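In the numbering used here, the protein residues as written are 251 to 409. What follows is a single structure, written as structure tokens, with notes after it.
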Amino acid sequence: MPLSSFGVRAMLAGFLTVMVAAAATDVRRRVIPNRLTYPATVAFAVIVVALALTGHDIDPARGLAGGLAYGGPPFVAAVRSPRAMGMGDAKLAGLSGFVLGSMGWTHLAAAAIATALAGGLLAGAVLLAGPRGDSSIPYGPALAIGAFASVALGSGRFG
Numbered sequence: 251m252p253l254s255s256f257g258v259r260a261m262l263a264g265f266l267t268v269m270v271a272a273a274a275t276d277v278r279r280r281v282i283p284n285r286l287t288y289p290a291t292v293a294f295a296v297i298v299v300a301l302a303l304t305g306h307d308i309d310p311a312r313g314l315a316g317g318l319a320y321g322g323p324p325f326v327a328a329v330r331s332p333r334a335m336g337m338g339d340a341k342l343a344g345l346s347g348f349v350l351g352s353m354g355w356t357h358l359a360a361a362a363i364a365t366a367l368a369g370g371l372l373a374g375a376v377l378l379a380g381p382r383g384d385s386s387i388p389y390g391p392a393l394a395i396g397a398f399a400s401v402a403l404g405s406g407r408f409g
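What follows is the structure, encoded as structure tokens:
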């Protein structure tokens, strides 16, 4: 079944909802909580496998590779420099890489490019605004923007 099926659209609606919740929490509290990322990761793993088993154009193995490719660098950054990148950002990137990667490498590439651009623009805006107590820059919004851009740019393939 194509990526335009109801099942894939429902998965994407849930995924984007998680991304918005993570981004909003990251902006407010500068943390992406485990109580969001852990259940979402389990739920989307089950959903991706179920969609693949029911004939959808979804590949869980490609999703795993995408999760490692997209979540690996933030994980290394979070381990090496926890003040520069949070582990919640790394887990959210891994989840995003898994979901988008399961749909195809072009979805993951679009997300990576949009996330990098959004992250740079958000960092620039924070730096231009000047010091305001907490100088950390939340990365969850950039990851969410990347996910939305990937889905929007891929929408021509969805229907």
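By construction, the Cβ of each residue, glycine as well, lies at the ideal position given by its N, Cα and C atoms. Here the structure is a predicted model, which means the values were calculated and not measured.
Enclosing alpha helix (DSSP H) for residue i [first to last residue]
| i | result |
| --- | --- |
| Leu-253 | Taken as a continuous stretch (DSSP letters only), Leu-253 belongs to no alpha helix (DSSP H), as it is neither H nor E. |
| Val-411 | This structure gives no information on residue 411, because the portion of the chain shown stretches from 251 to 409. |
| Gly-369 | 355-379 |
| Gly-305 | First-last for Gly-305: undefined, no H or E at that position. |
| Ala-397 | 390-403 |
CB-CB length for residue i against residue j, believed under 8 Å
| i | j | result |
| --- | --- | --- |
| Ala-430 | Leu-318 | Missing from the structure shown is residue 430; the chain here goes from 251 to 409 and no further. |
| Ala-361 | Leu-350 | 5 Å |
| Val-299 | Pro-310 | 5 Å |
| Pro-388 | Arg-285 | Not confirmed; about 18 Å, so no contact. |
Chain-order list of residues whose beta-carbon lies under 7 Å from that of residue i (same chain, five-residue window excluded)
| i | result |
| --- | --- |
| Gly-409 | The pLDDT assigned to Gly-409 is 39, lower than 50, so where the model puts this residue is not dependable; a value taken from the coordinates is nonetheless given after this. Answer for Gly-409: Ser-254, listed in chain order. |
| Thr-410 | No answer is possible for residue 410: the residues shown for the chain start at 251 and end at 409. |
| His-306 | Met-251, Ser-255, Gly-257 and Val-258 |
| Leu-266 | Ala-397, Phe-398 and Val-401 |
| Leu-301 | Gly-257, Val-258, Met-261 and Ile-308 |
| Ala-410 | The structure shown does not extend to residue 410, since the chain is modelled only from 251 through 409, so no value can be given for it. |
Own chain residues within Cβ distance below 8 Å of residue i, not counting five before or after
| i | result |
| --- | --- |
| Thr-287 | Ala-272, Gly-338, Lys-341, Leu-342 and Leu-345 |
| Ile-282 | Ala-272, Thr-275, Asp-276, Gly-336, Gly-338, Asp-339, Lys-341, Leu-342 and Gly-390 |
| Leu-358 | Gly-316, Ala-319, Tyr-320, Gly-347, Leu-350, Gly-351 and Ser-400 |
Spatial neighbours of residue i in its chain, beta-carbon cut-off 6 Å, leaving aside the 5 residues before and after
| i | result |
| --- | --- |
| Met-335 | Pro-324, Ala-327 and Ala-328 |
| Met-269 | Ala-394 and Ala-397 |
| Gly-404 | His-357 |
| Ser-330 | The sequence shown places Arg at residue 330, rather than the Ser named in the question. Taken in chain order, the list of residues that qualify is empty. |
Cβ of residue i within 9 Å of any chain D Cβ
| i | result |
| --- | --- |
| Ala-271 | Of the chains in the structure shown, none is chain D; there is only one protein chain. |
Per the contact definition of three or more C-beta pairs closer than 8 Å, is the segment 305-319 in contact with the segment 351-368? yes
Is it a yes or a no for the segment 360-374 touching the segment 385-398, going by three-plus beta-carbon pairs under 8 Å? yes
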